[in-house]
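In terms of the UniProt record's numbering, the sequence shown opens at residue 1 and continues consecutively. By construction, the Cβ of each residue, glycine as well, lies at the ideal position given by its N, Cα and C atoms. Notes follow the structure.
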Amino acid sequence: MSDIVPTAAAAARELIAFRIGRQEFCVDIMSVREIRGWTPATPLPRAPGYMKGVINLRGAVLPIVDLGARLGLSTSEPTARHVIMVAHIGGRTVGLLVDAVSDIIQLTEDAVQPTPDVASDQVRTFVKGIFAVDGRMISLLELEWIVPESEAEAA
């Protein structure tokens, strides 16, 4: 009986859920280093539209990606209520601007449904799957595709 418990615990993942507009998303909690309040970013010339700019994070330059704009959702001007999730993505540290962080979810892989076939290829690139928690539909994001390496180097 003790063999079953570790297996079930190993299959569960912790995800951090957040909102962008009315939609909820989540990412693997292990990729998020910290969550901090919005700090105005210094814009960079010729940066993609979803790049808000850069901020100083304890002496390091941190590029800020407006995650809503990157996903093609409507965006608003950041306020004090917005947050930056500092995430480690493919060897880089990037700030992801979101409306709010809602909670931490424990989830097993079998609870994640595949992205529906009606979604475009671009959506399936970002969204690894969808699941329901307490009547809410939450999309699981693939952070590796949020900021491709070539664009991260430009930032």
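According to the DSSP secondary-structure assignment, Phe25 is paired through a beta bridge with Phe18, Ser139. In the three-state reduction of the DSSP assignment, Glu144 falls in the helix class, which pools H, G and I. Listed in chain order, the non-local C-beta contacts of Gly95 below 6 Å within the same chain comprise Leu62, Ile64, Ile84, Val86, local neighbours out to five positions each way being set aside. Taken through DSSP and simplified to helix, strand or coil, Arg36 comes out as strand. Our two residues, Arg22 and Ser76, have alpha carbons roughly 12 Å apart in a direct line. Counting every other CB atom within 10 Å of its CB across the protein chains shown gives Gly68 a total of 16 or more, marking it as buried. Annotation: the continuous alpha helix (DSSP H) that includes Leu67 extends over 67–70. Contact annotation, Ile105 with Thr115: C-beta distance approximately 18 Å; criterion of less than 8 Å not satisfied.
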